[in-house]
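J.: Below: one structure in structure tokens.
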Amino acid sequence: MSMAAVDYDGLIPNNVALGGDVRVKRALEKWHPGYIGWWMDMGPEGFQNALVYLRTAIGVDPKGWAKFDYVRMPEYRWGILLAPPREGRKIPFGSHKGEDAWQEVPGEYRAMLRRLIVIQGDTEPASVEQQRHLGTTAPSLYDMRNLFQVNVEEGRHLWAMVYLLQKYFGADGREEAEALLQRRSGDPDTPRMLGAFNEKTPDWLSFFMFTYFTDRDGKMQLEALAQSGFDPLSRTCRFMLTEEAHHMFVGETGVTRIVQRTCEAMKEAGISDPNEIDKVRKLGVIDLPTIQKKANLHFSLTLDLFGNEISTNAANAFHAGLKGRFREDRLQDDHQLESGNYPVLRLIDGKVQNDDAPALSALNMRLRDDYVADCNIGVGRWNKVIAEHGIPFEIKLPHVAFHRHIGEFSRTNADVDGKILSPAEWTHRRTDFLPSAADKDFIESLMQPQFEPAKFASWIAPPRVGIDNKPGDFEYVKIADA
Ligand code: BYC
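Letter 416 of the sequence shown, counting from 1, is numbered 400 in the working numbering, and no numbers are missing.
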């Protein structure tokens, strides 16, 4: 069997020759019932017997790696798929730059590597847990299908990390794989590891913002890990990125469709002032200022996922050759960063200012900068829709100092322009920037299910094209079969 061919016969589809690796195969088969138990307890609430039109990864060929069909979610074939090996691949950065990429765990970096894999793995089931209540309020069958697609693929991403733990880390890898099924998003005693993955995703606007902003952190981190000198991690992340693109598509187009519906309804009603919030809300759509507040919330929560601006962990992981920069292979420098600086935003004399820091220590900041640039692309598309309707409003990303809980700005209160506020001013103005209880209640009031094919809730426009080019009235989820 070639490395790219997928063995689809056993319990666990894979292209890693699992059939000939009895120890790992057994370990994964032993882990499987616990995973299914977790999926039934913590995966999508309801709809587990519904037939969902899902894509399943069946290969790793860039053209044609997935097939679409109706599947019941618990019967989804969660497989282990690695991008094909690159002959003669070398470690592309850090102190081992130019040496052969590792096919086994480098002993001296074992703990650091395991930590990176466990943190990556922990986010995947966390997001499924965060989104588990959303199916019941889906604004259409199309959107419900996209939610479930994202969920099963996050499940597959957990499998991807668990494979690495089981195959390369022996007994402690097995323990970590178990623990990934035990932690719970938002649980006070056993929370998920990173802050944003313990927040709620209470409504569909949050879901689209999450898939736009937080899945994009996933993209950035996976791109950085895809550069890894530990080749199995690199190949795993390269294939995960193929799936991740759809999740960000769901977020970007979801927000676009909400913005579009709001603008259309405003135009039909002859409302041109986006701040006439009550009037706009009476139309059954979400006013633009509230969409901005949700963007402020999810962007700022996601920035925390990049860690501290100055980080010894990040420097060590780069120096070791384990975690690179965003698209390291396209950068033109020495890929070692032993000298040189990078500008880091810091709070100096009460003002947010740039300060040069050693480039190696500033890698989290650099990845975060790349992330912000990437976020701005989709925001520009949302604004294009608003401009096309002649409405004077622009969605803007808030300043990176706004509403932070990790890093340089976590001990200050900045407004969306980066101006430092006193604690009293912050308390007074907080709901100018972030959703208030009334905003949340309004959004919740709109979350009424729409489960008829071809129909959409009042607050969201239909998509331009169907999934897999299906027509507008396609029944993406057959709930009747549930
Ligand atoms: N929450 O040196 P520092 C995705 C901890 S999303 C809580 O600055 P470092 C997805 C940190 O662990 C991508 N704790 O941190 C998206 C450290 O603790 P220890 C997920 C935090 O290591 C949507 C201490 O503070 N993948 O895939 O440079 C749906 C000092 O911090 C947080 C990855 O993140 C936080 N936000 O950077 C589904 C890649 N931030 O060690 C999936 C792997 C920091 O002192 N992870 N701390 O006990 C990493 O590369 C790094 O762990 C981080 C943090 C970038 C997260």
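Glycine is no exception: its CB is placed at the ideal position from the N, C-alpha and C atoms.
Could you check which residue in ALA144, SER169 and ARG168 has the C-alpha nearest to that of GLY157?
T.: When each option's Cα is compared against that of GLY157, the closest is ALA144.
J.: In terms of alpha-carbon separation, which member of GLN166, ARG73, LYS266 and GLN114 lies closest to PHE132?
T.: Ranking GLN166, ARG73, LYS266 and GLN114 by Cα distance to PHE132 puts GLN114 first.
J.: Is the segment 41 to 54 touching the segment 181 to 189 in the sense that three or more CB pairs, one from each, lie closer than 8 Å?
T.: Touching, no.
J.: Going along the chain, which residues of its own chain have a beta-carbon closer than 8 Å to the beta-carbon of PRO419, five neighbours each way excluded?
T.: These residues qualify, in order along the chain: THR274, LYS277, LYS278, LEU281 and ILE427.
J.: Cβ of HIS383 within 8 Å of Cβ of ASP401?
T.: Yes, they are a contact pair.
J.: Could you say which of GLN166, PHE214, GLU138 and ARG265 lies nearest to LEU100 if we only look at CA atoms?
T.: Measuring from the Cα of LEU100, the nearest candidate turns out to be PHE214.
J.: Buried or exposed, going by whether 16 or more other CB atoms sit within 10 Å of the CB of ALA317?
T.: Per the sequence shown, the amino acid found at residue 317 is Asp instead of Ala. Answer is exposed; the Cβ neighbour count stays below 16.
J.: Between TRP62 and chain D, is any beta-carbon pair separated by less than 8 Å?
T.: Protein chains in the displayed structure number just one, and chain D is not present.
J.: What is the DSSP secondary structure of ILE332, reduced to helix, strand or coil?
T.: ILE332 falls in the strand class under three-state DSSP.
J.: Determine the burial state of GLY63: buried for a count of at least 16 other Cβ atoms within 10 Å of its Cβ, exposed for fewer.
T.: So GLY63 counts as buried.
J.: Quick check: does the Cβ of ASP474 come within less than 7 Å of any heavy atom belonging to the ligand BYC?
T.: With the chain represented from -15 up to 466, any question about residue 474 goes unanswered, as that position is not in the structure.
J.: Could you tell me if ASP423 is buried or exposed, where buried requires 16 or more neighbouring beta carbons within 10 angstroms of its beta carbon?
T.: ASP423 is buried by the Cβ-count criterion.
J.: May I ask you to report which of helix, strand or coil DSSP gives ALA445?
T.: In this structure, ALA445 counts as coil in the three-state DSSP scheme.
J.: State the beta-bridge partners of LEU405 as determined by DSSP.
T.: ASN397, per the DSSP bridge assignment.
J.: In angstroms with no decimal places, state the Cα-to-Cα distance between LYS403 and VAL336.
T.: The alpha-carbon atoms of LYS403 and VAL336 are separated by roughly 8 Å.
J.: With burial defined as no fewer than 16 other Cβ atoms inside 10 Å of the residue's Cβ, what is the status of VAL486: buried or exposed?
T.: What is shown of the chain runs -15 to 466, which leaves residue 486 out entirely.
J.: Distance check for VAL8 and PRO46, CA to CA, integer angstroms please.
T.: When rounded, the distance between both Cα atoms is 27 Å.
J.: Rounded to whole angstroms, what is the Cα-Cα separation between VAL239 and PRO446?
T.: Looking at the two C-alpha atoms, the distance is approximately 12 Å.
J.: Residue range of the beta strand (DSSP E) that THR40 falls in?
T.: Run containing THR40: 35 to 41, per the beta strand (DSSP E) assignment.
J.: Nearest to ARG475 by CA position, among THR195, GLU236, LEU206 and ALA357, is which residue?
T.: Because the chain is modelled from -15 through 466, residue 475 falls outside the range shown and cannot be assessed.
J.: Taking the alpha-carbon positions, what's the THR286 to HIS230 distance?
T.: Distance between the alpha carbons of THR286 and HIS230: 19 Å.
J.: Just curious, the beta strand (DSSP E) that TYR355 is in, first and last residue?
T.: Premise fails: TYR355 lies in the alpha helix (DSSP H), 347 to 372, not in any beta strand (DSSP E).
J.: Closer than 7 Å: is that where the CB of ALA298 sits relative to any heavy atom of the ligand BYC?
T.: Within the cutoff, so yes.
J.: If you compare alpha carbons, which of GLY364, GLY105, GLY324 and PHE191 is closest to GLN166?
T.: Residue GLY105 is the option with its Cα nearest to GLN166.
J.: Tell me whether the segment 327 to 347 and the segment 297 to 317 touch, counting them as touching only if at least three CB pairs, one residue from each stretch, are closer than 8 Å.
T.: Judged by Cβ distances under 8 Å, the segment 327 to 347 makes contact with the segment 297 to 317, as three or more pairs qualify.
J.: Which residue wins for smallest C-alpha separation from LYS368, given the options CYS247, GLU138, ALA441 and GLU59?
T.: Ranking the options by Cα distance to LYS368, first place goes to CYS247.
J.: Does DSSP put GLN205 in a helix, a strand or coil?
T.: GLN205 falls in the helix class under three-state DSSP.
J.: Take VAL0 as the anchor and find which of ALA(-11), ASP(-7) and ARG10 has the nearest alpha-carbon.
T.: Measuring from the Cα of VAL0, the nearest candidate turns out to be ALA(-11).
J.: Under 8 Å by Cβ, that's how I've got TYR196 and GLY154 pegged, so tell me the actual separation to the nearest angstrom.
T.: In fact, because the Cβ distance is near 38 Å, the residues do not count as touching under 8 Å.
J.: How close, in whole Å, do the beta carbons of GLU137 and GLU227 come, if the pair is a contact with beta carbons under 8 Å?
T.: The pair is a contact, with the Cβ atoms about 5 Å apart (cut-off 8 Å).
J.: Please report the residue range of the beta strand (DSSP E) in which ALA50 lies.
T.: Its beta strand (DSSP E) spans residues 50 to 56.
J.: Residues bridged to VAL461 by DSSP?
T.: Its beta-bridge partners are VAL36.
J.: When you compare the CB positions of ILE361 and ARG129, do they come within less than 8 Å of one another, or not?
T.: No, Cβ-Cβ distance for ILE361 and ARG129 is not below 8 Å.
J.: What is the DSSP secondary structure of TRP188, reduced to helix, strand or coil?
T.: Helix, per DSSP.
J.: Going by beta-carbon coordinates alone, are VAL269 and TRP443 separated by less than 8 Å?
T.: Yes, the pair counts as a contact, with Cβ atoms nearer than the cut-off.
J.: Tell whether a beta-carbon distance below 8 Å holds between MET204 and LEU315.
T.: Going by C-beta atoms, MET204 is not nearer than 8 Å to LEU315.
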